[in-house]
Amino acid sequence: MAGQRVRTRFAPSPTGYLHVGGLRTALYNYLFAKKMNGDFVIRIEDTDQSRRVEDAEKNLISSLEWAGIVADESPVRGGNYGPYVQSQRLSIYRDYCMQLLEERNAYYCFSTAEELEENRQLQLKQGLQPKYNRKWLPEEMGGNMPSSEVRKKMEEGAPYVVRMKVPDYVSVWFEDLIRGPIEFDSATIDDQVLMKSDGFPTYHFASVIDDHLMEFTHIIRGEEWLPSMPKHLLLYEFFGWEPPKFAHLPLLLNADRSKLSKRQGDVAVEDYIRKGFSSEAIVNFVALLGWNEGEGSEQEVFSMNELIQKFSLERVGRAGAVFNVEKLNWLEKQYIKTRPVAQIVSNIKPLLLEELKGRPFEMPEPLITSDAYLGKVVDLMRERVNYEHEFVTFSSYFFFEPESYEPEAVQKRWTSEIPALLQEFATVLESCGEFTAESIEEALKAFVVPKGLKPALLIHPLRIVASGVSFGPSLYHMLEVLGKETVLRRIVRGIDRIGQGS
RNA sequence: GGCCCCAUCGACUAGUGGUUAGGUCACCACCCUUUCAAGGUGGCAGCACGGGUUCGAAUCCCGUUGGGGUCACCA
Numbered sequence: 000m001a002g003q004r005v006r007t008r009f010a011p012s013p014t015g016y017l018h019v020g021g022l023r024t025a026l027y028n029y030l031f032a033k034k035m036n037g038d039f040v041i042r043i044e045d046t047d048q049s050r051r052v053e054d055a056e057k058n059l060i061s062s063l064e065w066a067g068i069v070a071d072e073s074p075v076r077g078g079n080y081g082p083y084v085q086s087q088r089l090s091i092y093r094d095y096c097m098q099l100l101e102e103r104n105a106y107y108c109f110s111t112a113e114e115l116e117e118n119r120q121l122q123l124k125q126g127l128q129p130k131y132n133r134k135w136l137p138e139e140m141g142g143n144m145p146s147s148e149v150r151k152k153m154e155e156g157a158p159y160v161v162r163m164k165v166p167d168y169v170s171v172w173f174e175d176l177i178r179g180p181i182e183f184d185s186a187t188i189d190d191q192v193l194m195k196s197d198g199f200p201t202y203h204f205a206s207v208i209d210d211h212l213m214e215f216t217h218i219i220r221g222e223e224w225l226p227s228m229p230k231h232l233l234l235y236e237f238f239g240w241e242p243p244k245f246a247h248l249p250l251l252l253n254a255d256r257s258k259l260s261k262r263q264g265d266v267a268v269e270d271y272i273r274k275g276f277s278s279e280a281i282v283n284f285v286a287l288l289g290w291n292e293g294e295g296s297e298q299e300v301f302s303m304n305e306l307i308q309k310f311s312l313e314r315v316g317r318a319g320a321v322f323n324v325e326k327l328n329w330l331e332k333q334y335i336k337t338r339p340v341a342q343i344v345s346n347i348k349p350l351l352l353e354e355l356k357g358r359p360f361e362m363p364e365p366l367i368t369s370d371a372y373l374g375k376v377v378d379l380m381r382e383r384v385n386y387e388h389e390f391v392t393f394s395s396y397f398f399f400e401p402e403s404y405e406p407e408a409v410q411k412r413w414t415s416e417i418p419a420l421l422q423e424f425a426t427v428l429e430s431c432g433e434f435t436a437e438s439i440e441e442a443l444k445a446f447v448v449p450k451g452l453k454p455a456l457l458i459h460p461l462r463i464v465a466s467g468v469s470f471g472p473s474l475y476h477m478l479e480v481l482g483k484e485t486v487l488r489r490i491v492r493g494i495d496r497i498g499q500g501s
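Numbering (numbering that gives the first Met the number 0), first residue to last: 0 to 501.
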């Protein structure tokens with residue numbers, strides 16, 4: 000075992016989209032593997048055909064790759080331990096099941112679902128733990144069922160499942176990498192179904208076999224799996240396999256501290272992508288939900304490479320963490336503030352092109368779609384925007400004429416003297432040689448001061464006619480970027496449309 | 001209910017016997033300022049409780065309380 004190459008896995012079932020909790024589990028597996036120079040593997044656990052969702056596998060993998068989590072081995076990539084889809088490994092499970100049967104660590108069970116349910120209700124009524132009553136445990140394994148009965152049912156072709164025989168009164172013990180020693184009493188463990196009546200294995204059976212055959216060294220998964228550890232450990236024991244190391248991650252929580260679920264907000268990674276969050280922010284945020292660098296570190300922003308470098312299971316906490324979006328919002332802004340201009344420009348351009356198709360605009364298209372122009376918009380807006388798409392949607396006046404003028408702003412800033420003043424100032428601007436922030440500022444001050452007026456008197460109305468809203472970047476810089484022609488046009492139109500004010 | 005896990009500001013957390021219990025988000029105030037942001041400064045706010053152990057406990061032990069997970073032919 001020592002010196003062995005580290006191998007970890009993320010093993011989702013293809014029943015829907017990628018859950019943010021799943022993303023974190025995958026991320027920790029990935030970070031740990033990469034940190035240790037090992038392999039990260041994706042395996043698809045599709046042993047429940049009834050819950051199979053079309054395209055889920057593809058979505059899962061593409062969401063992970065969006066986040067920058069790329070597997071070394073997976074159904075699409077292949078590898079030396081395949082197939083990586085459990086439904087393609089059925090014969091393997093069948094063989095190992097036979098072995099358990101022969102060694103009397105498992106037995107056939109012909110109880111019907113109705114029978115089981117009846118039994119459950121009865122036990123519940125008696126105040127007992129609902130547990131399989133071992134009706135079909137054969138005599139030679141310490142039960143009451145004669146083997147002739149089992150044979151008879153078999154010959155009839157009756158549907159059956161295979162259950163593991165949990166030994167009585169043994170205690171099962173293991174050392175969790177995050178939680179330390181944990182002990183279970185076998186008396187509380189049910190005779191878990193291993194093979195279902197449709198010939199598919201259950202999760203417990205398939206994952207133990209695959210985890211062994213695929214030679215994973217560390218199983219990093221959610222805390223919800225802790226209670227089924229003894230079953231898994233027993234299976235390793237039956238087969239005489241050395242179990243891998245286990246690390247059970249704390250849960251991601253809702254605001255009320257229950258297990259993170261839909262109904263109380265978005266849980267799908269896709270939801271956050273749609274809202275406009277970047278993979279850097281999501282990965283950064285989710286990494287910090289349960290892990291921290293420790294040792295007095297005050298770093299909050301981590302790149303994937305830094306995470307790989309700094310990650311360790313020892314620094315993973317034990318208590319659940321509330322998935323609180325406020326900090327995610329802040330992180331997103333941090334990334335927008337520091338992302339290279341060229342990258343943002345190339346990210347937002349397709350969105351802008353799309354917008355331009357559906358809305359009338361008057362500024363020259365080659366200009367407003369140029370990298371130079373977009374770069375200026377980004378510089379002006381990057382500290383005022385929450386998501387990249389807001390460069391287009393939140394500050395649309397850089398591309399489209401204002402459709403309306405914020406009533407509160409007009410009410411506050413548009414006095415009866417403004418139209419004439421703006422009219423006059425427009426002629427000043429028109430004769431302006433250079434149309435730069437500096438020259439505009441100079442011109443405005445030179446215009447206003449002799450009249451005994453304050454710059455603000457004109458600044459606000461100018462902003463309103465130019466952008467339609469009361470907030471935004473530095474007025475002078477904004478006007479410079481918009482350009483003389485556009486600014487003059489908007490002044491005239493603004494005066495016309497707002498009129499004498501209220 | 002049985003079993004298992006967990007417990008530091010509202011949230012994420014640092015802290016591994018001696019600290020004025022630190023940082024970040026959010027919130028509040030002030031500064032900067034043409035607006036909105038960004039930024040700066042300051043502030044509010046926490047060791048669930050009770051017993052031990054110890055000269056000394058957020059830190060170690062036990063218990064209580066609280067929260068969560070899990071008890072399927074789902075994963």
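Glycine included, C-beta positions come from ideal geometry on N, C-alpha and C. Computed from a predicted model, the values in this text were never measured in an experiment.
With contacts defined by Cβ atoms closer than 8 Å, A32 and V5 form a contacting pair. In the same chain as R489, and ignoring 5 residues on each side of it, the C-beta atoms closer than 6 Å to its own belong to V464 and A465, in chain order. Contact check for K152 and D190: beta-carbon distance about 17 Å, past the 8 Å limit, so the pair fails to qualify.
Exclusion of the five residues before and after P145 leaves E138 as the residues of its chain whose Cβ lies within less than 7 Å of its Cβ.
Annotated three-state conformation of D94 is helix, per DSSP. Each residue's CA atom was taken as its position, placing S49 and K258 some 24 Å apart.
Inter-residue distance for D270 and H247 is about 26 Å (C-alpha atoms, whole angstroms).
Burial is judged here by how many other beta carbons sit within 10 angstroms of a residue's own beta carbon; V75 has fewer than 16 and is exposed.
The beta-carbon separation of G221 and L250, rounded to 6 Å, stays under the 8 Å limit for a contact. No Cβ-Cβ contact shorter than 8 Å links I41 with Y92. Taking the C-beta atoms as reference points, F276 is found no nearer than 8 Å to N104.
For H388, the three-state secondary structure derived from DSSP is coil. Secondary structure in the segment 246-298: the alpha helix (DSSP H) runs of 4 residues or longer, each lying completely within the stretch, are 268-274 and 278-286 in chain order. Apart from sequence neighbours up to five positions away, the residues of its chain that approach V52 with a beta-carbon distance below 8 Å are P13, T14 and G15, ordered along the chain. Contact between the segment 391-409 and the segment 420-439 is absent: fewer than three C-beta pairs spanning the two stretches fall below 8 Å. Under the rule that a run must span 3 or more residues, no beta strand (DSSP E) segment is found entirely inside the segment 293-339. In the three-state reduction of the DSSP assignment, A465 falls in the helix class, which pools H, G and I.
The C-alpha of E297 lies about 51 Å from the C-alpha of I417. Collapsing the DSSP output to three states places K244 in a strand.
Within its own chain, the residues whose Cβ lies closer than 7 Å to the Cβ of I208, once the five positions on either side in sequence are excluded, are I91, Y92 and Y95, listed in chain order.
Looking from the CA of F310, the closest CA among I60, L30, H217 and L420 belongs to L30.
Between H211 and S227, the C-beta gap is not smaller than 8 Å, which leaves the two residues out of contact. Pairing V169 with M194 gives a Cβ-Cβ distance that is not under 8 Å.
Around the beta carbon of F215, 16 or more other beta carbons lie within 10 angstroms, which makes this residue buried. Between E313 and the set G289, S206, A320 and P349, the nearest pair of CA atoms involves G289. CA-CA distance, S473 to L379, rounds to 8 Å.
Per DSSP, L136 lies in no beta strand (DSSP E) segment and is marked neither H nor E. Here P200 has T46, Y92 and M194 as same chain residues with Cβ atoms under 6 Å from its own Cβ, once five neighbours each way along the sequence are excluded. Between R8 and M213 a beta carbon distance of about 7 Å is seen, short of the 8 Å cut, so the two are scored as contacting.
Across the set G432, P454, A455 and S469, the C-alpha of G432 shows the shortest separation from the C-alpha of E484. Take W65, set aside five residues on each side of it, and the residues of its chain with a beta-carbon closer than 6 Å to its own are S278, in chain order. Looking at G126, E116, E117 and R162, the one whose alpha-carbon comes closest to that of L136 is R162. Per DSSP, the continuous beta strand (DSSP E) segment holding L193 begins and ends at V192 to M194. Between Q410 and I494, the beta carbon gap of about 16 Å keeps them out of contact (Cβ cut-off 8 Å). A straight-line Cα-Cα distance of about 11 Å links E155 and F109. Under the DSSP definition of a beta bridge, Y80 lacks any partner.
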